[in-house]
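J.: Questions regarding the structure given below will be posed in turn.
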Amino acid sequence: MKPEVLSVADFSGFDFPLMESHFTVHKLWQAADPETLLAEVAPRVRGMQATGTGTVAGTLIERLPKLEIIACCGVGYDGIDVAAARRRKIPVTNTPDVLNDCVADLAMGLLIDASRGIVRGDRHVRAGKWPQGEPPLAARVSGKRLGVVGMGRIGRIIARRASGFDMQIAYHARHRVADVPFTYRAELVDLAKDSDYLVVVVPGGKETRHLVNEAVIRALGPQGILVNVARGTVVDEAALVKCLREGALGGAALDVFDKEPRVPEALWPMDNVVLAPHIGSATRETRAAMCKLTIDNLVAHFSGKPLLTPIG
Ligand code: NAP
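Residue numbers for the sequence shown, in the numbering used here: 10 to 321.
So, in structure tokens, the structure goes:
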């Protein structure tokens with residue numbers, strides 16, 4: 010008898026046939042009537058597969074009396090009620106490290122695009138405007154000052170990429186990181202003041218909600234560019250829109266939003282803003298690695314082996 014696993018969210022590139030080769034999988038996201046499916050399978054479900062962007066409410070965890078593990082396909086798990094899982098001693102796993110490169114690549118791509126206007130230039134060409142003139146001048150990237158908010162697994166790869174662009178790098182986190190050569194700023198507003206670019210890559214959740222507030226955005230300033238590859242909740246979106254409207258911030262490149270997939274319509278017409286649909290990890294290679302790690306954690310649990318990547 011294969012253990013029964015509840016899949017609570019779909020994820021582009023997730024290898025469901027592989028998961029089904031190990032488990033009986035019930036796809037909540039595919040059910041015409043999720044309540045009916047839950048009522049039927051809840052007493053038997055022993056594992057759960059979630060995603061970094063989805064929600065796993067405590068009420069759902071409580072409805073699954075035999076739940077033994079939650080495997081999150083994603084490194085961020087702010088959508089999961091971890092406290093509810095801990096109360097039941099249910100371990101939660103995530104997929105750290107395997108996505109570092111692709112998220113860092115995207116952060117650099119967004120940073121360069123927001124500075125050099127690649128997508129803006131593309132729009133210019135496609136609209137047939139080139140014969141009438143060139144788009145406005147852009148801003149140089151190489152040698153500029155980069156502030157990284159969060160010097161963790163992904164933050165340090167972004168810093169490494171930026172070093173190749175001869176950037177001067179500083180960072181903010183709650184703690185100084187011993188093994189990086191970059192300047193530490195205990196106050197985020199000070200980092201913003203001394204940066205041309207602020208790249209945000211901290212976890213989401215209550216603790217970091219609106220960490221990038223109006224004061225931080227204003228400190229980054231009219232020439233500054235904000236890049237967010239963390240979670241939409243980390244940036245005060247209303248303040249961001251206000252500062253962009255006023256010209257108090259130079260530009261923004263955003264992969265994540267507060268209420269995905271809804272993106273504030275005020276941002277749509279802004280030519281100094283690059284908008285991406287949460288694609289930090291969305292490459293074939295990285296999604297395959299994330300999926301494998303998610304399933305490997307489930308398999309390890311049900312084989313009585315140590316989990317590969319439990320959250321701390
Ligand atoms: P990580 O290794 O845990 O690093 C997180 C960093 O944030 C650490 O430097 C941590 O340092 C800092 N931090 C945590 N809380 C903070 C706070 N309240 N104030 C300031 N700094 C704080 O995480 P990671 O693997 O690099 O991933 C970071 C996040 O990126 C994920 O949690 C996820 O939300 C996001 N992400 C997005 C995508 C995407 O598709 N766009 C893909 C993957 C990940 P201290 O503990 O010293 O504060």
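From the three backbone atoms N, C-alpha and C, an ideal C-beta is built for every residue, glycine too.
Under three-state DSSP, which class holds residue 154?
T.: For this step, residue 154 is matched to residue 145 along the sequence shown. Note: residue 154 maps to strand in three-state DSSP.
J.: Is it the case that the region 86 to 97 contacts the region 112 to 119, given that we only count it when at least three CB pairs across the two stretches are under 8 angstroms?
T.: Too few Cβ pairs lie closer than 8 angstroms, so no.
J.: Are the Cβ atoms of residue 33 and residue 13 separated by less than 7 angstroms?
T.: By 1-based counting over the sequence shown, the position of residue 33 is 24. By 1-based counting over the sequence shown, the position of residue 13 is 4. In contact: residue 33 and residue 13 (Cβ atoms closer than 7 angstroms).
J.: Counting only runs of 3+ residues fully inside the region 179 to 214, write out the beta strand (DSSP E) ranges in chain order.
T.: Listed in chain order, the complete beta strand (DSSP E) runs (minimum 3 residues) inside the region 179 to 214 are 206 to 209.
J.: Can you confirm whether the region 92 to 112 touches the region 62 to 76 when touching is taken to mean that 3 or more C-beta pairs between the two stretches lie within less than 8 angstroms?
T.: Enough Cβ pairs lie closer than 8 angstroms, so yes.
J.: Quick check on the burial criterion: 16 or more other C-beta atoms within 10 angstroms. Buried or exposed for residue 58?
T.: Locating residue 58 in the sequence shown gives position 49, counting from the first residue. Its Cβ being crowded by 16 or more others within 10 Å, residue 58 is buried.
J.: When burial is assigned at 16 or more other CB atoms within 10 Å of the CB, is residue 294 buried or exposed?
T.: If you number the sequence shown from 1, residue 294 lands on position 285. It counts as exposed.
J.: Are the beta-carbon atoms belonging to residue 181 and residue 200 less than 7 angstroms from one another?
T.: Here residue 181 refers to the residue found at position 172 of the sequence shown. Here residue 200 refers to the residue found at position 191 of the sequence shown. Yes; because the gap between Cβ atoms is below 7 angstroms, this pair is in contact.
J.: By the 10 Å Cβ neighbour count, where 16 or more other Cβ atoms means buried, how is residue 204 classified, buried or exposed?
T.: The residue you call residue 204 lines up with position 195 of the sequence shown. Buried, since its Cβ has 16 or more Cβ neighbours within 10 Å.
J.: Under DSSP, the beta strand (DSSP E) around residue 60 begins and ends at which residues?
T.: Sequence index remark: in the sequence shown, residue 60 carries index 51 (1-based). Unbroken beta strand (DSSP E) run through residue 60: 56 to 60.
J.: Using 6 angstroms as the cut-off, classify the Cβ of residue 216 as near or not near the heavy atoms of the ligand NAP, replying yes or no.
T.: Position 207 of the sequence shown, counted from the first residue, corresponds to residue 216. Yes, the Cβ of residue 216 comes within 6 angstroms of a heavy atom of the ligand NAP.
J.: Do residue 83 and residue 18 have their C-beta atoms within less than 7 angstroms of each other?
T.: Residue mapping note: residue 83 aligns to position 74 of the sequence shown, counting from 1. Residue mapping note: residue 18 aligns to position 9 of the sequence shown, counting from 1. No. Outside cutoff.
J.: Is it true that the region 281 to 295 meets the region 37 to 51, where meeting means three or more beta-carbon pairs spaced less than 8 angstroms apart?
T.: No: fewer than three Cβ pairs fall under 8 angstroms.
J.: What does DSSP give as the partner residues of residue 260 in its beta bridges?
T.: Your numbering for residue 260 matches position 251 in the sequence shown. The partner list for residue 260 (beta bridge, DSSP) reads 234.
J.: DSSP beta-bridge partners for residue 177?
T.: On the sequence shown, position 168 is the one that residue 177 refers to. Looking at the DSSP assignment, residue 177 forms a beta bridge with 154.
J.: Can you tell me where the alpha helix (DSSP H) holding residue 220 begins and where it ends?
T.: Within the sequence shown, numbered from 1, the residue matching residue 220 stands at position 211. No alpha helix (DSSP H) contains residue 220, which DSSP labels as neither H nor E.
J.: Is residue 188 near the ligand NAP, in the sense that its beta carbon is under 6 angstroms from a heavy atom of that ligand?
T.: Locating residue 188 in the sequence shown gives position 179, where the first residue counts as 1. No, Cβ of residue 188 sits at least 6 angstroms from all heavy atoms of the ligand NAP.
J.: Can you confirm whether the region 235 to 242 touches the region 204 to 213 when touching is taken to mean that 3 or more C-beta pairs between the two stretches lie within less than 8 angstroms?
T.: Judged by Cβ distances under 8 angstroms, the region 204 to 213 makes contact with the region 235 to 242, as three or more pairs qualify.
J.: For residue 102, name the three-state secondary structure that DSSP assigns.
T.: Against the sequence shown, residue 102 aligns to sequence position 93. Correct three-state label for residue 102: strand.
J.: Enumerate in chain order the residues of its own chain whose CB-to-CB distance from residue 220 is below 6 angstroms, with the five nearest sequence positions on each side excluded.
T.: Counted from its first residue, the sequence shown places residue 220 at position 211. Once the five neighbours on either side are set aside, the close Cβ partners of residue 220 are 243.
J.: Going by DSSP in three states, residue 7 sits in which element: helix, strand or coil?
T.: Examination of residue 7 is not possible in this model, given that the chain is present from 10 through 321 alone.
J.: Taking all protein chains shown into account, decide if residue 151 is buried (16 or more other Cβ within 10 angstroms of its Cβ) or exposed.
T.: Taking the sequence shown and counting its residues from 1, one reaches residue 151 at position 142. Under this definition residue 151 is an exposed residue.
J.: Identify which residue in 10, 166 and 27 has its Cα closest to the Cα of residue 297.
T.: Position 288 of the sequence shown holds residue 297. Of 10, 166 and 27, the residue nearest in Cα terms is 27.
J.: Kindly give me the distance between the Cβ atoms of residue 228 and residue 250, rounded to whole angstroms, as I take these residues to be in contact under 8 angstroms.
T.: Counting from 1 along the sequence shown, the entry for residue 228 is found at position 219. Counting from 1 along the sequence shown, the entry for residue 250 is found at position 241. The Cβ separation is near 17 angstroms, so there is no contact.
J.: Any idea which residues DSSP pairs residue 319 with across the strands?
T.: Against the sequence shown, residue 319 aligns to sequence position 310. According to DSSP, which records beta bridges pairwise, residue 319 is partnered with 102.
J.: Can you tell me whether residue 219 sits near the ligand NAP, meaning its C-beta is under 6 angstroms from at least one heavy atom of the ligand?
T.: Here the question's residue 219 lines up with position 210 in the sequence shown. Result no, Cβ not under 6 angstroms from the ligand NAP.
J.: Under three-state DSSP, which class holds residue 16?
T.: Walking along the sequence shown from the start, residue 16 turns up at place 7. It is a strand residue.
J.: Which residue comes first and which comes last in the alpha helix (DSSP H) that contains residue 91?
T.: Position 82 of the sequence shown, counting from 1, holds the residue named residue 91. Segment 91 to 96, the alpha helix (DSSP H) holding residue 91.
J.: In three-state terms, what does DSSP make of residue 283?
T.: Position 274 of the sequence shown holds residue 283. Three-state result, residue 283: strand.
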